[in-house]
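Heads up, the thing below is written out as structure tokens.
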Amino acid sequence: MKTYIEPPNFKNTNFKAFFTTKTTSDIRDFLKYSGFNEEDIYLPVQKHTDNIIVLKNNREPEVADAVLTSQKGLLIGVQTADCIPVILADLNKIVAGAVHAGWRGTASKIIIKTIKIMISEFNSRVEDIIIAMGPSIKGCCYQVDIDVERAIYNATGDGRYLSRKNGKYYIDLSEANKIQILSTGVPEKNIWVSNECTFCNHDRYHSFRFHGNYAGRQGGFIGIFK
0 MKTYIEPPNF KNTNFKAFFT TKTTSDIRDF LKYSGFNEED IYLPVQKHTD NIIVLKNNRE
60 PEVADAVLTS QKGLLIGVQT ADCIPVILAD LNKIVAGAVH AGWRGTASKI IIKTIKIMIS
120 EFNSRVEDII IAMGPSIKGC CYQVDIDVER AIYNATGDGR YLSRKNGKYY IDLSEANKIQ
180 ILSTGVPEKN IWVSNECTFC NHDRYHSFRF HGNYAGRQGG FIGIFK
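Put into structure tokens, the structure is as follows:
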């Protein structure tokens with residue numbers, strides 16, 4: 000079993016992109032794997048917002064749940080424990096992005112807003128953007144109340160991301176985010192989605208729904224080679 004997950008659509012590019020597991024969430028482990036130095040890692044202060052940082056010279060941590068940069072030699076990332084770690088790249092303009100998409104981020108369309116900033120700030124074209132979504136809680140296990148269901152429906156519309164079992168609502172966040180991504184014009188062939196559920200595979204991944212306050216964090220990371 001692989002300890003790191005490299006999305007296939009990022010192979011043979013200018014980017015180092017990967018998702019960690021429970022056994023590789025220690026920074027000392029993935030620094031060696033990634034080839035980046037500790038001082039060249041940037042993680043935002045995640046608060047389930049729709050704030051997006053365009054990282055230039057300032058590397059002070061800010062409250063945000065998405066980061067974009069065109070800086071080489073910098074590894075950016077987000078941390079999750081059921082929410083979706085999303086990594087993005089513009090293969091033409093050489094821009095990297097990382098997004099933390101939980102239900103609040105999905106309801107606020109953080110992935111759509113991130114893509115729009117790539118277009119406005121970096122002149123990205125949607126056909127040049129590739130996206131990967133790492134392991135997250137899936138529709139088999141993510142039971143939500145009616146308020147969460149309505150919030151995501153209002154942001155996403157109809158789709159296979161929503162199901163009902165025994166009168167209860169279940170949401171597949173990765174499927175909802177994929178629908179939102181496709182609405183921006185990014186081709187479906189440019190999108191890779193992990194099929195692993197963090198709750199089902201709680202021995203391999205941290206899951207807040209399973210482990211509660213004892214849950215650690217894994218993450219998604221991307222950097223542009225020097």
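Numbering of the sequence shown is given in numbering that gives the first Met the number 0, commencing with residue 0 and proceeding in unit increments.
Ideal Cβ placement from N, Cα and C applies to all residues, glycine included.
Residue 119 sits in a helix when the DSSP states are folded into three classes. By DSSP's assignment, residue 20 forms no beta bridge with any residue. Under the DSSP definition of a beta bridge, residue 164 partners with 167.
Within the same chain, Cβ atoms closer than 6 Å to the Cβ of residue 44 are found at 60, 62, the five residues on either side in sequence being excluded. Membership of residue 224 in any alpha helix (DSSP H) is not indicated, and neither H nor E is assigned to it by DSSP.
When secondary structure is reduced to three states using DSSP, residue 69 falls in the coil class, being assigned neither helix nor strand. The stretch 156-165 and the stretch 111-129 do not touch, with fewer than three beta-carbon pairs separated by less than 8 Å. Under the three-state reduction of DSSP, residue 92 is assigned to coil, being neither helix nor strand. At least 7 Å separates the beta-carbon of residue 21 from that of residue 222. A residue is called buried once 16 or more other Cβ atoms fall within 10 Å of its Cβ, and residue 68 is buried on that count. As the crow flies, the alpha-carbon of residue 31 is around 11 Å from that of residue 25. Straight across, the Cα-Cα distance linking residue 55 with residue 136 is about 32 Å. In the three-state DSSP reduction, residue 84 falls in the strand class (E or B).
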